[in-house]
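Below is one structure; the comments refer to it alone.
Protein chains in written order, with this note's numbering: chain S, 297 to 398; chain F, -15 to 623; chain R, -6 to 159.
Structure (structure tokens):
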């Protein structure tokens, strides 16, 4: 039997990796991918806690379903924005999109 | 026609304006402008005189301004006195201007001369027409200014400039008195109008004592003393000879000096009301008359002789006015205007012809300048009081008035002055036109424009006296009177005046034609008297010694006081101010500005530091957020 | 006992593979490759869900993430990024500090979570069926369910509006 803490550690490592990706990726799509990693890490947390802390409840799993839905929606909108930016600036590198900077 | 009297001074004023602004372009045409204007004035004056003789008088005035309960008016008064004066002034002015065409020919400021002449005559006409003392005073001052301009017309000559200044300053002294007098009068009577003054004085107003009245009269007389060159302010008139001769003629005959006599005549009511004032007038008159006459005996400059003669004759008029001979004084003023203008213009012709002014250098000019010599002879006869020329009649009236006053010393002195007048005038005539030429002088004939005024003035000199003669029933006295006078022809006085005049002429003939050695011998034997007269009683020197020098010393002292004490204080203040402001400037620059700059610099540096945080890179911000999270966690958990 | 050990070792294998592919996914230069690595990681997470008795979630993970979202991402990559250009830098200059922050985050989380003990009985077994999830969704959680459907609709319309060429 795998203890709860191992799930949580896995989730933490995945989250940190996603964080690193968000920090370092120049490409907006890369940042989006890293965000997916982080979301998945969070989802693992939800499900693990639901299984170990509230075995009779489905709330954890249902919450994950909603998270996936919102993630899908955000990804779709994000990708649409990225494509629009690419049309306008011919780049998807966030450090080159700096029209708002003084 | 009387209604248009205000036009009379406006013509010369227009001529003045035209000549001042467009004279440079008009060049020689500036003379006709002035002369035409004068002609217009003369015509109107004559028409007005005709109407006034038929009994019309007019006074018109408007309220000029109001101060408190006093109202000041501006207006004109046409009565017999002013109508007569208008005619004399315009006639003499016209003739002088015509004469000036020839005399001033080729002068650099030809147009300006005519402009000044016009202004001069305008001022005089304004003075004559004024119906109140304040307006009179204004024109009075204008006359003074014009005399200054004209006397120092050739201001390149230092003596001319000095003479102008002298005339002006001397006049100012008198004018101050005049102003005080009119202020006093105005204060007590509440009006400056001549007619109202007479009216109120007739009712013996309360609060106006005889003393105050006499004082104001004497103060007004001060003005007349200055303008009419009476002792002790007569010193400017001989010096005024530095001006062009036509100006002298104008000043001596019609405008400037006549103003003083006219003022006394105009405000005669004041003089008549104050007891002492008329006596002051007559004594000043006789002193002036005698002194100037005696000085004229020995002078050698042709114009100076005439100048002292004028002073003497003005004294005569003052005597007449002072002894109650109102019409006699005014009558003499008129006749004198003609023959003195004539004599001056003659002198001008002579000077113009030979270029010298010393009668000792002239002589035998009769043959060369017949018109001038003849007219000059007429002028001399007139001023000497030879019947039936104008001077005889007017002088006779004066003598009668002095005789009637009962003061026999005064009468004697007046007769003596008449004798001296005849003597020095014929001395001038003989030395200039008769005998042999003493020096070779190049004579050039005067222009006809210079001869005709002489002829006209000569005619007036001969005949103008008849209007006041007993032959015409004293028409003049009846026309111009202050209060009805009844003048009886006094044949004793008449005969004595004729005798005195002829004696003077004879003595001059003896001295300067028969045996020319006598004057020099006399001068040797009576050298103190001669020197006294030659140096004009040393009055200029006395003034210089006792008034001008102390005054200069005072001003020097005041100057040094000003310079060292007040200027020093001012400069010290200035210097200390500069020093203080230097320090303040330093503080401002280095401390206040430094502080401000320091703050600005600090803010700038801070901004320079923090603006690096504002990278615009979203990932930088995220990184910082999580750095913050870590920091918070560490703080919460491990510290 | 052995089956327990086997399943445990398979779990750790899957966990390590997930971590490795996650790392690959954030570090690979080729964006297309990192998307593929992410797919592998997502599959690994799906396997973890099975270990947690959430078969339905594993199914949803594979269907939605791998089947829909990642396809979309790969399309976006094809549309935009210059995939084969090796000269373009794919990561920015803050790699080192990011590594420090991320690893300290991980270290801190591990430090906290490793001490976490589950209370109460854990080893019970009560199957949670798909039918139960469906019933819960349409009864107890019907409002969030409807909300998420509206959000998805809005995202659909929004993304279509954004990427539309003027």
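No residue lacks a Cβ here, since even glycine has one placed at the ideal position from N, Cα and C.
Residue 220(F): which of 181(F), 161(F), 156(F) and 182(F) sits nearest, CA to CA? 156(F)
**Prompt:** Among the residues of its own chain, which have a CB less than 6 Å from the CB of residue 83(F), if the five just before and after it don't count?
**Reply:** 230, 329, 434 and 437
Residue 331(S) touches chain R at which residues, Cβ-Cβ below 8 Å?
-> Within chain R, no residue comes near residue 331(S); the closest Cβ sits about 11 Å away, beyond 8 Å.
Determine the contact status of residue 36(R) and residue 30(R), defining contact as a CB-CB distance below 8 Å. no
Q. How is the beta strand (DSSP E) around residue 55(F) delimited, first residue to last?
A. 54 to 62
- Query: Using 8 Å as the Cβ pair cut-off and three pairs as the minimum, do the stretch 117 to 134 of chain F and the stretch 263 to 270 of chain F touch?
  - Reply: no
Checklist line | Residue ranges of each alpha helix (DSSP H) within the stretch 56 to 100 of chain F, 4 or longer | finding: You should have 64 to 87.
Can you list, in chain order, the residues of its chain with a C-beta nearer than 8 Å to that of residue 364(F)? Leave out the 5 residues immediately preceding and following it.
327, 409, 410, 412 and 413
message: Any beta carbon of chain R sitting closer than 8 Å to that of residue 391(S)?
response: yes
### Residue closest to residue 301(F), alpha-carbon to alpha-carbon, out of 319(F), -6(F) and 291(F)
319(F)
CB of residue 388(S) within 8 Å of CB of residue 330(S), strictly: The answer is no: Cβ separation not under 8 Å.
Quiz item: For the stretch 603 to 615 of chain F, which residues have a beta carbon sitting closer than 8 Å to at least one beta carbon of chain S?
Solution: 603, 606, 607 and 610
- Query: Looking at the unbroken beta strand (DSSP E) that takes in residue 6(F), where does it start and where does it end?
  - Reply: Taken as a continuous stretch (DSSP letters only), residue 6(F) belongs to no beta strand (DSSP E), being part of the alpha helix (DSSP H) at -9 to 10.
Considering residue 598(F), what are the terminal residues of the alpha helix (DSSP H) in which it resides? Counting along the chain, residue 598(F) falls outside any alpha helix (DSSP H), and DSSP gives it neither H nor E.
### Task
Just the chain S side, please: which residues come within less than 8 Å of residue 129(R) by C-beta, in chain order?
Neighbours of residue 129(R) on chain S, chain order: 354 and 358.
Exercise. For residue 114(R), is the classification buried or exposed, using 16 other Cβ atoms within 10 angstroms of its Cβ as the cut-off for buried?
Worked result: At residue 114(R) the pLDDT is 49, less than 50, meaning the model places this residue with poor confidence and gives no usable figure here.
From what residue to what residue does the beta strand (DSSP E) around residue 149(R) run?
Unbroken run through residue 149(R) is the alpha helix (DSSP H), 135 to 155; no beta strand (DSSP E).
Burial state of residue 540(F), where buried means 16 or more other Cβ atoms lie within 10 Å:
exposed
If we ignore side chains and look at the alpha-carbon of each, how far apart do residue 14(R) and residue 333(S) end up?
10 Å
Q.
For the structure I just gave you, are there three or more beta carbon pairs, one from the stretch 90 to 101 of chain F and one from the stretch 1 to 10 of chain F, closer than 8 Å?
A. yes
Exercise. Helix, strand or coil: which one does DSSP assign to residue 551(F)?
Worked result: helix
**Item:** Chain-ordered neighbours of residue 90(R) on chain F, where CB pairs are closer than 7 Å
**Value:** Listed along the chain, the chain F residues whose CB falls inside 7 Å of the CB of residue 90(R) are 607.
For a cutoff of 8 Å on Cβ pairs, would you count residue 27(R) as touching chain F?
no
> Hey, is residue 315(S)'s beta-carbon within less than 8 Å of any beta-carbon in chain F?
Replying inline: yes
Return helix, strand or coil for residue 83(R), following the three-state DSSP convention. coil
- Item | Under the three-state DSSP convention, the category residue 593(F) falls into | helix
Apart from the five residues on each side of it in sequence, which residues of its chain come closer than 8 Å, Cβ to Cβ, to residue 125(F)? Leaving aside the five residues that flank residue 125(F) on each side, the residues in its chain whose CB is nearer than 8 Å to its CB run, in chain order, 159.
For residue 49(F), the nearest candidate out of 113(F), 593(F), 333(F) and 59(F) (CA to CA): 59(F)
How would you label residue 321(S), buried or exposed, when you count the other beta carbons within 10 angstroms and need 16 or more for buried?
Residue 321(S) should be labelled buried.
Query - Alpha-carbon spacing of residue 304(S) relative to residue 107(R), whole angstroms - result: Our two residues, residue 304(S) and residue 107(R), have alpha carbons roughly 8 Å apart in a direct line.
I'd like to know if residue 385(S) contacts chain R, where contact means its C-beta is closer than 8 Å to some C-beta of that chain. No - not a single Cβ of chain R is within 8 Å of the one on residue 385(S).
Which word fits residue 41(R), buried or exposed, when buried means at least 16 other C-beta atoms lie within 10 angstroms of its C-beta?
buried
- Message: Does the CB of residue 617(F) have a neighbour CB from chain R at under 8 Å?
- Response: yes
In three-state DSSP terms, what is residue 50(F)? strand
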